[in-house]
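Residue numbers (our numbering), protein chains in the order written: chain A, 4 to 217; chain B, 4 to 217.
Right under this line is the structure:
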């Protein structure tokens, strides 16, 4: 099996937004309430951020338990790492993900402002300016035969879709409307020229959208 | 997360049969046509027996790709290993699974007729007479912190269900009627006193049944 480029558990409002307007340190999703987008995942047994036992093992859990499955590296946009714009003013701040980030692989953060790599628990963050192709090449090497996750946000997923570098994509659509913010699509059908699409409603109310390259 | 006991990709007819009548060397599923039960899995990209590239990456593929995910051992009934009954007459015959069995972990075969362990590629077969609890204890140790798969057939799954040792169970129900053979249930509702159940129809025509312990 060749190495794949995968978007996983990418959370979207019914009207196509991955986050709201006005991202800040206190509000990573801007005006959106992250619980409305993410609570389906938090309810599952294998949610990577879960700290207590329990949780569901139904359909939604297949998606959260696939998060680490054969993934060897992640590429994320700068806004998924933190709210800063422009040059880094405080390199002591090590991102939104706490002392034990859920990635547990090398993570490549796309930014025009490089800074030194550092590790938190099993995750190492690298900061790279480069084309999607160039950063993907480095991520494939770091993944050592395993797949590379495109972690988001919306702008980063769109960059990799535009460069035709995405092999599979799982988008979890929540029953909420955001009206403004970062938009991935007007309709999932926008992508069906290049991708197969299966639409799978979950008992949780989430609708899973599964894309794979034609 | 504690070690779990998982039934995965267990294939059933709509009327509840896992295999037909009259198992033989030539017909592992008796009068049933295994293609009718298993073709949904063979169509996916991650079917463990796949030898050529390609395949679908939709809902069904989440189930086949979960086959190896955090599994450290399998327990199977003797009839999943081969069609022989009674004492082993020919220990040179090493089972139905070829030179490269898809399990890639220790496999414990339940039998009243022990024989020496042997390895084929990454899979080692052990032959054990013992209660489900005793064999599970050994499988947990062999799994080294990972989960144990109950591989079937029907009689073996029923033994572990009866002993209340199953934590999660995925049953893939195919649109075919077998009428006779090895029956797992009259209705999936038989199990909902002890298990949560989600029923998820797939675009392939298979209906996935997901059980987890209450």
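Even glycine gets a Cβ: it sits at the ideal position worked out from N, Cα and C. Note that this is a predicted model, so its numbers are computed, not measured.
For the beta strand (DSSP E) containing residue i, name the first residue and the last one.
i	result
residue 202 (chain A)	198-204
residue 77 (chain A)	74-80
residue 11 (chain A)	8-16
residue 48 (chain B)	Here residue 48 (chain B) belongs to no beta strand (DSSP E), and DSSP marks it neither H nor E.
residue 123 (chain A)	121-123
residue 113 (chain B)	109-113
residue 210 (chain A)	210-216
residue 176 (chain A)	171-177
residue 2 (chain B)	Nothing about residue 2 (chain B) can be reported from this structure: the residues present for chain B run from 4 to 217 only.
residue 21 (chain A)	20-22
residue 131 (chain B)	126-131
Assuming the contact rule is C-beta atoms closer than 8 Å, residue i and residue j should be a hit. Round their C-beta distance to whole Å, please.
i	j	result
residue 209 (chain B)	residue 139 (chain B)	With 8 Å as the limit, residue 209 (chain B) and residue 139 (chain B) do not qualify as a contact, their Cβ atoms being about 29 Å apart.
residue 132 (chain B)	residue 114 (chain B)	6 Å
residue 125 (chain A)	residue 9 (chain A)	That belief does not hold up - the Cβ atoms of residue 125 (chain A) and residue 9 (chain A) are roughly 19 Å apart, past 8 Å.
residue 154 (chain A)	residue 83 (chain A)	6 Å
residue 146 (chain A)	residue 6 (chain A)	6 Å
residue 211 (chain A)	residue 66 (chain A)	7 Å
residue 99 (chain B)	residue 31 (chain B)	6 Å
Taking the continuous alpha helix (DSSP H) assigned at residue i, which residues delimit it?
i	result
residue 64 (chain A)	62-68
residue 159 (chain B)	157-165
residue 143 (chain A)	135-146
Quick one: does residue i have its CB under 7 Å from some CB of chain B?
i	result
residue 139 (chain A)	no
residue 208 (chain A)	no
residue 8 (chain A)	no
residue 45 (chain A)	no
residue 215 (chain A)	yes
residue 160 (chain A)	no
residue 61 (chain A)	yes
Please decide whether residue i counts as near chain A, where near means a Cβ-Cβ distance under 7 Å.
i	result
residue 72 (chain B)	yes
residue 67 (chain B)	no
residue 171 (chain B)	yes
residue 203 (chain B)	yes
Report all residues from its chain with a CB closer than 6 Å to the CB of residue i; omit the five preceding and five following residues, and keep chain order.
i	result
residue 60 (chain A)	48
residue 142 (chain B)	76, 78, 111 and 151
residue 86 (chain A)	26, 27 and 28
residue 130 (chain A)	112, 114, 117 and 118
residue 103 (chain A)	124
residue 35 (chain B)	22, 23 and 181
residue 137 (chain B)	none
Less than 7 Å between C-beta atoms, sequence neighbours within five positions excluded: which residues of the same chain meet that for residue i?
i	result
residue 11 (chain B)	69, 70, 152 and 173
residue 3 (chain A)	Residue 3 (chain A) is absent from the structure shown; chain A starts at 4 and stops at 217.
residue 162 (chain A)	135
residue 101 (chain A)	none
Among residues of its own chain, excluding the 5 on either side of residue i, which ones have a beta-carbon nearer than 8 Å to its beta-carbon?
i	result
residue 52 (chain A)	45 and 105
residue 197 (chain A)	167, 216 and 217
residue 89 (chain B)	116
residue 58 (chain B)	46, 47, 48, 49, 50 and 64
For the ligand SAM, is there a heavy atom less than 6 Å away from the beta-carbon of residue i?
i	result
residue 132 (chain B)	Among the ligands in the structure shown, none appear at all, so the ligand SAM cannot be discussed.
Flag this pair as touching only if the region 108-118 of chain B and the region 69-86 of chain B have three or more C-beta atom pairs under 8 Å; answer yes or no.
yes
Between the region 78-94 of chain B and the region 40-51 of chain B, do three or more beta carbon pairs fall short of 8 Å?
no
Is it the case that the region 162-179 of chain B contacts the region 93-108 of chain B, given that we only count it when at least three CB pairs across the two stretches are under 8 Å?
Fewer than three beta-carbon pairs drawn from the region 93-108 of chain B and the region 162-179 of chain B are found closer than 8 Å, and the two stretches are therefore not classed as touching.
Are three or more beta carbon pairs between the region 197-208 of chain A and the region 179-188 of chain B nearer than 8 Å?
No: the two stretches stay apart, fewer than three of their Cβ pairs being nearer than 8 Å.
Is the region 186-198 of chain B close to the region 17-35 of chain B, with three or more CB pairs under 8 Å?
yes
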